[in-house]
Amino acid sequence: MEYLDSLNEPQREGVVNTEGPTMLIAGAGSGKTRVLTYRIAYLIQNKGVDPFNILALTFTNKAAKEMRDRIESVVGTEARNLWMGTFHSVFARILRAEADKLGYPSNFTIYDADDSKSLVKTIVKELNLDDKVYKPNVVFNRISGAKNRLISWREYLSNPIYQADDESNMKPELGKIYKIYSERCFKAGAMDFDDLLFNTNVLFKEHTDVLNKYQQRFHFVMVDEFQDTNISQYLITKRLAAVRQNICVVGDDAQSIYAFRGADIQNILNFEKDYPDLRVIKLEQNYRSTKTIVNAANSVIFKNKAQLKKNVWTDNDEGSLIEVLRANSDNEEGKLVASAIFEDKMQHQVKNSDIAILYRTNSQSRAMEEALRRMNIKYKIVGGLSFYARKEIKDIMAYMRFAINTNDEQSFRRIINYPKRGIGDTSVDKMVVAANDNNIPLWEVLTNINAILPGRAANAVTDFVTMIKRFQIEIGKKDAFEAATEIAKRSGLLRDLYEDKTVEGLNRYENVQELLNAVKEFVDDPEKEDKSLGAFLQEVALLTGVDNDKDDDNDKVTLMTIHMAKGLEFKNVYIVGMEEDLFPSQMMLSSRADLEEERRLFYVAITRAEHKLVLSYALSRYRFGRLKNCEPSRFIDEIDPSFIKVNERSRPTESVNTGAGYAKSFISGMKKTTASQPIKRKSDYKPSPDFEPSDTSNLQSGMKVEHPKFGYGMVSEIDESGANRKAKVNFDDFGEKTLLLSFAKLKIH
Ligand code: ATP
Ligand code: MG
């Protein structure tokens with residue numbers, strides 16, 4: 001079998017021993033997913049197993065698709081009959097077939113998180129509870145947590161432990177809300193995401209005939225990323241495999257990063273107890289990364305106490321040292337990373353799609369996105385919306401836009417009743433129709449609202465109008481940052497997000513703070529003459545006007561959180577924002593276990609890289625509207641220093657603006673190089689006394705040049721687009737610089 005030849009001995013053992021329980025716990029990049037893939041191919045091709053009898057559970061739909069494609073390349077289209085997908089997608093399918101057993105219609109609706117939360121909201125309101133105490137997100141997460149631990153509302157209500165817990169949290173009615181929520185979902189013929197697992201458990205537990213049927217059907221059950229399954233998922237697979245015991249799970253305890261969602265590393269330990277004749281396979285050879293990266297990752301994870309011992313090694317090349325980029329600010333960090341990527345592309349012919357930028361939280365994408373856009377590097381954001389497309393950012397910007405243009409109907413619709421001020425959809429429609437039908441400005445309708453709406457709603461609109469007028473005054477006399485902060489606060493939006501203490505709520509709150517930081521940086525930028533909010537909005541509109549999504553060119557740099565990157569691999573990986581409080585995240589740190597989870601997350605990030613790994617951090621970052629000094633993350637120190645090259649490439653690059661601001665930025669950029677850059681590159685270059693600048697009108701990329709200050713370098717790009725012709729030059733000692741050709745003194749060699 002030729003595909004079996006591309007496996008090492010323990011991998012082959014995992015592939016060909018298809019009967020009985022098997023657990024493969026092995027380090028990152030050691031071929032766990034490859035073993036699962038080949039095992040399935042082997043079952044079909046060598047053992048003649050019908051794909052219909054195989055169930056493979058993956059963590060993401062993307063992973064399932066990739067695996068299916070690979071299997072198809074070995075066994076052909078037969079692979080299409082495989083049951084393969086995420087827990088949620090596979091069991092939703094089974095629940096559809098068996099819904100009547102649980103009293104659900106087979107066309108039951110699946111509620112997404114938004115649907116669920118608005119149902120929670122309605123219930124809280126109906127019970128006359130304070131929705132500031134019973135925030136939909138908080139309530140929903142509590143319900144979700146209970147379901148993922150297989151606690152039904154009946155058990156929840158009858159067990160005094162939960163009641164006591166809720167009382168101590170000042171939310172004694174949670175159990176009641178859980179009950180009503182479940183009943184309402186049931187009545188509406190709807191299941192939420194957690195129900196898909198919860199109800200599958202109920203189905204298998206209470207309907208043994210159904211369980212038997214699926215036990216007969218799935219002769220082989222497989223689970224990838226086993227370390228991140230929760231107890232609900234674990235029980236489902238255990239039940240399914242109970243008769244034949246042909247279950248194979250693969251995972252890496254060092255990559256368990258979903259404890260905050262109820263994933264339980266105990267599952268790995270339980271597995272050994274649940275299956276006494278378990279075959280345990282260890283894989284230790286890493287095929288993904290260079291020696292440097294593998295050893296660096298080992299040196300980090302070694303610091304965790306709660307870890308199964310593994311000795312991951314690789315036969316791959318030594319590779320280059322891990323680079324650490326140090327920037328003065330988050331914007332400069334973006335520029336450094338973008339220029340390094342540009343260099344990967346120009347000098348090493350790395351494709352965009354072989355590069356990933358990983359960060360701890362979604363809000364960090366902004367500085368990176370802006371820098372990449374400026375350098376015209378295509379990128380995509382995986383598993384998250386691009387910063388300016390996120391709901392909370394759109395909401396707050398809608399306030400700003402509407403205050404500036406009171407006829408902007410889309411912004412109006414977004415904010416008129418958010419945060420809630422008791423103006424219903426019918427009223428909103430009436431106002432918009434009145435404006436459109438009579439061909440009068442929306443604002444005129446709003447300021448004469450008594451003509452079309454009755455008392456209470458009219459009063460709410462009048463309050464809204466007063467608030468917007470106040471914003472207009474603020475915008476007129478204050479700078480963009482002060483005005484934006486005022487809007488965030490007085491609109492109630494910031495408070496609304498702040499009171500939501502769930503992880504997602506905190507993320508959204510941080511995103512809005514991050515937007516305010518962007519406004520602050522805009523105001524502090526000496527090159528911006530117009531510091532009004534209007535000018536800021538225009539800048540953002542121009543920046544985001546480039547529509548990345550429409551072109552189907554797939555060669556893009558990937559931006560994503562580390563959580564999303566699990567199981568993936570890229571040639572070059574940049575881990576950005578390596579700062580204390582950011583990574584490890586301050587929000588998540590309250591115990592040693594939390595720190596260990598953050599460290600596992602760092603381990604996951606490092607081990608995504610094949611050839612090149614770069615870590616970056618900023619010495620200052622705008623957080624909560626203030627410039628905050630940052631310290632490099634302790635995680636950088638935890639990497640054995642022999643694998644690291646610090647600051648070798650840190651250098652500021654000039655910001656490339658178009659038009660008049662450019663010359664100024666060029667000059668201030670020059671100053672930065674000498675004044676504020678803490679680590680200066682050594683350069684022995686001295687211009688010869690007869691240095692004579694050349695005529696640069698024929699300068700082209702690829703030419704070698706000399707600069708009186710930066711020394712020798714190679715032109716990488718000529719930009720003719722703006723009023724001023726610019727050249728990007730990679731200097732041997734100073735890295736990349738963008739020079740305005742009408743100013744720069746260059747000698748062509
Ligand atoms: P992770 O823990 O990140 O999920 P993994 O253990 O699932 O990693 P794989 O993704 O299966 O590892 O494999 C890592 C890389 O090594 C892949 O590119 C895979 O094709 C390659 N690889 C695995 N085993 C071999 C082998 N025996 N020979 C050559 N390449 C291999
Ligand atoms: Mg994998």
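Under full-length UniProt numbering, the letters of the sequence shown match residues 1 to 749, in that order.
The beta-carbon is built from N, C-alpha and C at its ideal position, and this holds for glycine as well.
Check: Proximity of ILE556 and LYS745 at Cβ, strictly below 8 Å; Outcome: In the sequence on display, residue 556 carries Lys and not Ile. Not closer than 8 Å, so no.
Check: Chain B contact for GLU527 (CB, 8 Å cutoff); Outcome: You won't find chain B in this structure, because it holds only one protein chain.
Check: Ligand 1 heavy atom lying under 7 Å from the CB of ALA26; Outcome: yes
Check: Three or more C-beta pairs below 8 Å linking the region 320-333 and the region 290-300; Outcome: yes
Check: THR607 CB to nearest heavy atom of ligand 1 below 7 Å; Outcome: yes
Check: Segment contact, 8 Å Cβ cut-off, at least three pairs: the region 614-632 with the region 515-528; Outcome: yes
Check: Straight-line Cα distance separating LEU4 from LYS47; Outcome: 14 Å
Check: Counted within 10 angstroms of its Cβ, other Cβ atoms place GLN216 as buried (16 or more) or exposed; Outcome: exposed
Check: Straight-line Cα distance separating PHE734 from GLY711; Outcome: 8 Å
Check: Spatial neighbours of ILE415 in its chain, beta-carbon cut-off 8 Å, leaving aside the 5 residues before and after; Outcome: ASP395, ALA398, TYR399, PHE402, SER491
Check: Residues whose Cβ lies closer than 7 Å to any heavy atom of ligand 2, in chain order; Outcome: LYS32, THR33, ASP224, GLU225, GLY567
Check: Near ligand 1: SER353 beta-carbon under 7 Å from a heavy atom; Outcome: no
Check: DSSP-derived helix/strand/coil call for LEU102; Outcome: helix
Check: Residue burial classification, THR426 (beta-carbon count within 10 angstroms, cutoff 16); Outcome: exposed
Check: Reference TRP83, options ASN53, GLU66, GLU72, closest by Cα; Outcome: ASN53
Check: Alpha helix (DSSP H) segment containing ARG68, residue limits; Outcome: 61-75
Check: Nearest candidate by alpha-carbon position, reference ASP479, set GLU529, TYR509, MET431; Outcome: GLU529
Check: Of the listed residues ALA451, ASN730, VAL210, nearest to HIS707 (C-alpha basis); Outcome: ASN730
Check: Closest by C-alpha distance to ALA241, when choosing among ASN212, GLU2, ALA263, ASP228; Outcome: ASN212
Check: Reduced DSSP secondary structure (H/G/I, E/B, other) of ASP733; Outcome: coil
Check: C-beta atoms of PHE140 and LYS117 nearer than 8 Å; Outcome: yes
Check: GLY145: first and last residue of the uninterrupted alpha helix (DSSP H) it sits in; Outcome: 136-148
Check: Buried/exposed call for GLN349, threshold 16 Cβ in 10 Å; Outcome: exposed
Check: Ligand 1 heavy atom lying under 7 Å from the CB of GLN255; Outcome: yes
Check: Close-in-space but distant-in-sequence residues of the same chain around LEU358 (CB under 6 Å, 5 per side omitted); Outcome: ILE562, ALA565, ILE575, ALA605
Check: Cutoff 7 Å; reference ILE281; Cβ partners in own chain excluding five residues on either side; Outcome: PRO10, GLU13, GLY14, THR22, LEU24
Check: Burial state of ILE301 (16 or more Cβ within 10 Å); Outcome: buried
Check: Through-space distance from ARG599 to ALA306, alpha-carbon basis; Outcome: 11 Å
Check: Which of helix, strand or coil DSSP assigns to PHE87; Outcome: helix
Check: Contact test: LEU497 Cβ vs ligand 1 heavy atom, cutoff 7 Å; Outcome: no
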